[in-house]
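Taking it in order: structure first as C-alpha cells, then the write-up.
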Amino acid sequence: MAFAHSAWAPRPKLNGFTNRQPARRVTMVMEKSFSPRRNNPQFESFDALHDRLGIENLWSPETSESFDLARTSTSDVLVVGDDSPSTKSVMPWDTTTGALGVSLLGRRMRFLRKRQQILGKSYEECRRITELFSKTFFLGTQLLSPEKRRAVWAVYTWCRRTDDIVDGPRVTQRSSALRNQLADWETRLDLIFEGGGRDGLDMALADAVGNYPYMTCTPFRDMIKGMLMDVDQARFETFDDLYLYCYRVAGTVGLMTLPIMGTVKPGREGLREAMEAALALGIGLQLTNILRDVGEDRLRGRIYLPLEDLHRFNYTEEELMNCVLDNRYKNLMKFEIARARKYFRKAQKGVHLLAEDSRLPVQASLDMYSQILDVLEENGYDNFNRRAYISKSRKLFTLPMSYLRTRDSPAWKPVLDVAEFVADSKVHAA
52 MAFAHSAWAP
62 RPKLNGFTNR
72 QPARRVTMVM
82 EKSFSPRRNN
92 PQFESFDALH
102 DRLGIENLWS
112 PETSESFDLA
122 RTSTSDVLVV
132 GDDSPSTKSV
142 MPWDTTTGAL
152 GVSLLGRRMR
162 FLRKRQQILG
172 KSYEECRRIT
182 ELFSKTFFLG
192 TQLLSPEKRR
202 AVWAVYTWCR
212 RTDDIVDGPR
222 VTQRSSALRN
232 QLADWETRLD
242 LIFEGGGRDG
252 LDMALADAVG
262 NYPYMTCTPF
272 RDMIKGMLMD
282 VDQARFETFD
292 DLYLYCYRVA
302 GTVGLMTLPI
312 MGTVKPGREG
322 LREAMEAALA
332 LGIGLQLTNI
342 LRDVGEDRLR
352 GRIYLPLEDL
362 HRFNYTEEEL
372 MNCVLDNRYK
382 NLMKFEIARA
392 RKYFRKAQKG
402 VHLLAEDSRL
412 PVQASLDMYS
422 QILDVLEENG
432 YDNFNRRAYI
442 SKSRKLFTLP
452 MSYLRTRDSP
462 AWKPVLDVAE
472 FVADSKVHAA
C-alpha cells in the first residue's frame, strides 16, 4: 500500500509551539502486490480445441512482459522535522521517522495484524469446505506444504462455490437468472485478482494469487464458461463437445493449481512443459466423475456420456434413463473407462515435471481416481444402483505405492513392483 501526501505536511506542535521546519520529501521503495490480471491480460477462452485450446500461450513471455519490471514501485512519503537539503533518498517504510511516520506505521501494523487474523479464519473455512465436499482430494492436499495446502484449499473453495451456482439449491431458477449470477460472479473474480473481495473466502483466494504470481485469471474465467454450459446444455453430441466441457470444469483446475505446485524447471518454461499433463489429469478426473455419477445425473435429466458413443453401441437415451444394464451398456462402460485411463497415462508422464514436494499429492489423486474405475469394473459396471467409491483402508494402502511412483531413482523400481503385486493380490482376493 503506497501513501501519497502533498509537498507540505501538517506540522505537529512540540511543547506548545508549532514546528516550523519544512517537511522533506523522500522516496520510499516498497514491495507492492502483483496483479496477475493486469500483467496477464489474456482473458479469451480456449476454443481452439485441436490446438490444445490455445493453452500454450497461457504463460508466454509476451503476456507477462512487464512482470519483472512491476515488482517494486516508488512513492513519496513525508518525514517531518528534517532541515537538511531537500534531496531524494531511499529508506524502508518501517524506519520512517517523525510524528506522521510513527502514526502511519502504527496504523499499518494494526491493519496487518487484523488482516492476518481474518486470513487465518478464511483459510480454515476453506479447509473445512474442501474436507467436507471432497475427502479424496482433501487427503491429497494434506501431503503438501502448509503454504501450498492453503492456496489449493482456496482454489478448491472458489471452484466449489462456482459449481454451486448451477448445481446447488438455486438450480431450479431460470437459465437467464443463472447467467446473470454467473456474470456477477465473473465481475467478483476481477475484484479478487485485483487483490480485493467481498468476503473472507474471496480474500483467501486473493492472498493465494498474490503469493503465486504466475496464477492467471484465464482458467478461472473458463470454468465460469463451463458452468454456463451446464445451464444451457444437458446433452453432448460428440466427445469433442464433452472434451471442451471437461476442460472448462476440470482441466482448468489443473491450470489453476499448477503455479502453486511448482515445477522442476522454474518460471514460465517449466509451467508450459507441465501444462499438457496437468490438463490431461483434469480431463481424466472429470471423465471418472461422469462415469461414477451416471445414476445421479440421470435423476436430474442430464446425460454427460457423448450421444455418439451411445449410438456406437446401439444404446439409447431412453434406455439409460430407464437404467437398462445389459451387455451393450457394459461394453459402453468399458469403452469410456479405457478413454479415461488414457488421460491418466498422459497425466502420469508429467508427475516428474513437478516440484518434488508436490509430486506425492498429485500422484495420490491420480492413483485414487484410477481405483474408482477399478471399483466400477468390480461392481459389474452398475453405476445406476451402486456408487463406486474407495474405502478409507484402500486409500491408506494406496499412499505408499503413490510415494514409490514419485521416486526418480531406479533403485526403487523393484520395491514398487513388489508393492503393486501385493496390491493386485489383495484386490483379487477381495
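Converting from the sequence shown to my numbering requires adding 51 to each position, the first position being numbered 1. All C-beta atoms in this analysis are idealised placements derived from N, C-alpha and C, irrespective of residue type, glycine included.
Take serine 416, set aside five residues on each side of it, and the residues of its chain with a beta-carbon closer than 6 Å to its own are Gly191, in chain order. Taking C-beta atoms as the reference points, leucine 361 and phenylalanine 435 fail to come closer than 9 Å. In this model, aspartate 258 and glycine 246 are separated by some 7 Å (Cα to Cα). Distances from the alpha-carbon of lysine 443 to those of Leu424, Met419, Met326, Tyr265 put Met419 closest.
In this structure, DSSP gives leucine 356 a state outside helix and strand, which the three-state scheme calls coil. The alpha-carbon of aspartate 273 is positioned some 30 Å away from that of methionine 372. Residue burial annotation: alanine 439 is buried, with at least 16 other C-beta atoms found within 10 angstroms of its C-beta.
Under the three-state reduction of DSSP output, threonine 308 falls in the helix class. The C-beta separation of proline 270 from methionine 307 comes to about 5 Å, placing the pair in contact by the 8 Å criterion. Proximity to methionine 312 across Pro412, Phe188, Arg458 peaks at Pro412, based on C-alpha coordinates. The shortest CA-to-CA distance from alanine 406 to any of Arg437, Arg458, Ser421, Pro451 is the one to Arg458. In this structure, the CA atom of isoleucine 354 is about 13 Å from the CA atom of tyrosine 366.
Within the region 403–453, there are no complete beta strand (DSSP E) runs of at least 3 residues.
The region 185–239 is shown to contain no whole beta strand (DSSP E) run of 3 or more residues.
Counted as a single uninterrupted DSSP element, the alpha helix (DSSP H) harbouring glutamate 324 occupies residues 318–343.
With 16 or more other CB atoms across the displayed protein chains lying within 10 angstroms of its CB, alanine 398 is buried. The beta carbon of threonine 314 is closer than 8 Å to those of Gly321, Leu322, Glu324, Ala325, Leu404, Leu405, Ala406 in its chain, skipping five residues each way along the sequence. In summary, glutamine 414 is buried, with 16 or more beta-carbon neighbours lying within 10 Å of its beta-carbon over all protein chains present. Distance from the CA of methionine 384 to the CA of glutamate 428, rounded to the nearest whole angstrom, comes to 9 Å. Look at threonine 367 here: in three-state DSSP terms it is coil, with no helix or strand label. Glutamine 284 counts as exposed, since fewer than 16 other beta carbons sit within 10 angstroms of its beta carbon. Sixteen is the threshold: since fewer than 16 other Cβ atoms of the shown chains lie within 10 Å of the Cβ of aspartate 235, the residue is exposed.
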